[in-house]
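*Asks:*
2 protein chains.
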Amino acid sequence: MSTDSTRIDVAETEMTSREAKGKAPLLADPPGQVDRKSRGFMGLRRHAGRGGGYKRGIAIFDFVVRLCTLVAAIAATATMATTDETLPFFTQFFQFQASYDDLPAFQFFVVAMAIACVYLGLSIPLSIVSIIRPHAVAARMLLIFFDLGMVVLTTAAASSAAAIVYLAHVGNSNANWLSICQQFNNFCQRTSGAVVAAFLAMLGFMFLVVLSAVILKKP
Amino acid sequence: MSTDSTRIDVAETEMTSREAKGKAPLLADPPGQVDRKSRGFMGLRRHAGRGGGYKRGIAIFDFVVRLCTLVAAIAATATMATTDETLPFFTQFFQFQASYDDLPAFQFFVVAMAIACVYLGLSIPLSIVSIIRPHAVAARMLLIFFDLGMVVLTTAAASSAAAIVYLAHVGNSNANWLSICQQFNNFCQRTSGAVVAAFLAMLGFMFLVVLSAVILKKP
């Protein structure tokens, strides 16, 4: 690792120059020396000497939160997409069945959460790059931008589905929309679970944006 | 502040060591000199020498976007809250009337958008502080954090209301929920307008978060 060797080098240089002047070392932070030697990948490690440790810690935390969010998003998508209830009784012409694609809000939910899953899968390599190079501003800006988009997408999916799930549970007498959860009890249970998982994924994405902002700010 | 004095010390040390070695300076960026002079309000202007102009430009843009978002949020709240349609015919026992508080999603919409309006009003002074001091990291972190919360709140309000407005427009034959827009046409028009305004406010908040991230990143 070139960062480590740079640091050692810097410490030595500083010690000798200070010894020559007879000064006591206050705090070891010589930016010039670090800049010259550790100008690495795309010039992104220029500030590698300052606050690298705590930024790397946050980047690792970011990676863990990203994995948890992926789990929540997959759970939400899978639960909603496999929801399919057929009632045990039927008439001569019609069998009562409920599935997620009967309601447009649930279709949107499945599509949006699937997009979130794919994005999370694709962003994991970028998150790993961000652990190796904690000062890669370009990668971090890309992550904060797309994470924000995913906050909006998952919030929209979760809340529109929540509005419909709520309606399915309690109905609305003013608009004369009756509750369907007496008949399709299992369907309502599963969609409610999917909505909860989607809200967890939303919280995960919000946390990722905040972490990225903390990493972006000056040390 | 001990960090500043350290940097000055380091810069000087470095200069002398370079002069002693007979090397030409590579990049003229002595942070110590800037730090010593522009140490302003709460130590927030420590990096005021670099990129101050373009950051101030973005901060002014942030202020303008904030005002536009406030207009959109007020429009959304007012349109939804004043929506009240009474049908011209009535029976002996009942008069047909539709107002926003007949539907829980619209109640949530009004409350959430009102919160967004109040927040925007309160955040304008902080935004002005941020124009005067473009490097105020603490104020900027506060803004990005609350702006993100407002992105989520407005998205949730707009999309849950949109799900209900869509249902009111087209109904759903699978769940046996009939459209109410044939009867309450004016009500549907106004709520749709409020939802569109809320989505505009959401875009405004998203833009504010991105602008804050650009300001936060290192120059």
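Protein chains in written order, with the working numbering: chain A, 1 to 219; chain B, 220 to 438. Ideal Cβ positions, reconstructed from N, Cα and C, are used throughout, including at glycine.
(1) Taking C-beta pairs closer than 7 Å, name the residues in chain A that residue 436/B reaches, listed in chain order.
(2) On the DSSP bridge list, what partners appear for residue 98/A?
(3) Do residue 162/A and residue 195/A come within 7 Å of each other at the CB atom, strictly closer than that value?
(4) What does residue 145/A reach in chain B if we use C-beta pairs closer than 9 Å?
(5) Would you kindly report the start and end of the unbroken alpha helix (DSSP H) that includes residue 134/A?
(6) Less than 7 Å between the beta carbons of residue 116/A and residue 155/A, yes or no?
(7) Ordered along the chain, which non-local residues of its own chain (more than five positions away) have a Cβ less than 8 Å from that of residue 284/B?
(8) Going by DSSP in three states, residue 395/B sits in which element: helix, strand or coil?
(9) Comparing the C-beta of residue 399/B with each C-beta of chain A, is any distance below 7 Å?
(10) From residue 281/B to residue 346/B, what distance separates their C-alpha atoms?
(11) Which residues, in chain order, does the stretch 383-414 of chain B contribute to contact with chain A at a C-beta distance below 8 Å?
(12) Rank 356/B, 397/B, 398/B by C-alpha distance to the C-alpha of residue 213/A and give the top, closest one.
(13) Taking the C-alpha atoms as reference points, what is the distance between residue 325/B and residue 135/A?
(14) Show which residues of chain B have a CB atom less than 7 Å away from the CB atom of residue 104/A.
(15) Given a cut-off of 7 Å, decide if residue 191/A and residue 170/A are closer than it, judged by their beta-carbon atoms.
(16) What does residue 367/B touch in chain A if you count any residue whose Cβ is under 9 Å from its own?
(17) Which word fits residue 286/B, buried or exposed, when buried means at least 16 other C-beta atoms lie within 10 angstroms of its C-beta?
(18) To the nearest angstrom, how far is the alpha carbon of residue 125/A from that of residue 147/A?
(19) Under 6 Å Cβ to Cβ from residue 200/A, same chain only, skipping five residues before and after it: list those, please.
(20) Put residue 182/A into one of helix, strand or coil per three-state DSSP.
*Replies:* According to the structure data:
(1) What residue 436/B touches in chain A: 137, 141, 216.
(2) In DSSP, residue 98/A forms a bridge with 85/A.
(3) yes
(4) The answer, in chain order, is 429, 432.
(5) Note, residue 134/A: premise wrong, no alpha helix (DSSP H); not H, not E.
(6) no
(7) Excluding its 5 nearest sequence neighbours in each direction, residue 284/B has C-beta neighbours in its own chain below 8 Å: 423, 426, 427, 430, listed in chain order.
(8) coil
(9) At a cut-off of 7 Å between beta carbons, residue 399/B contacts chain A.
(10) 7 Å
(11) 383, 385, 386, 387, 391, 393, 394, 395, 396, 397, 399
(12) 356/B
(13) 44 Å
(14) 385
(15) No, these two residues do not count as a Cβ contact at 7 Å.
(16) 148, 151, 206, 209, 210, 213
(17) exposed
(18) Rounded to the nearest angstrom, the two C-alpha atoms are 14 Å apart.
(19) 72
(20) It is coil, neither helix nor strand.
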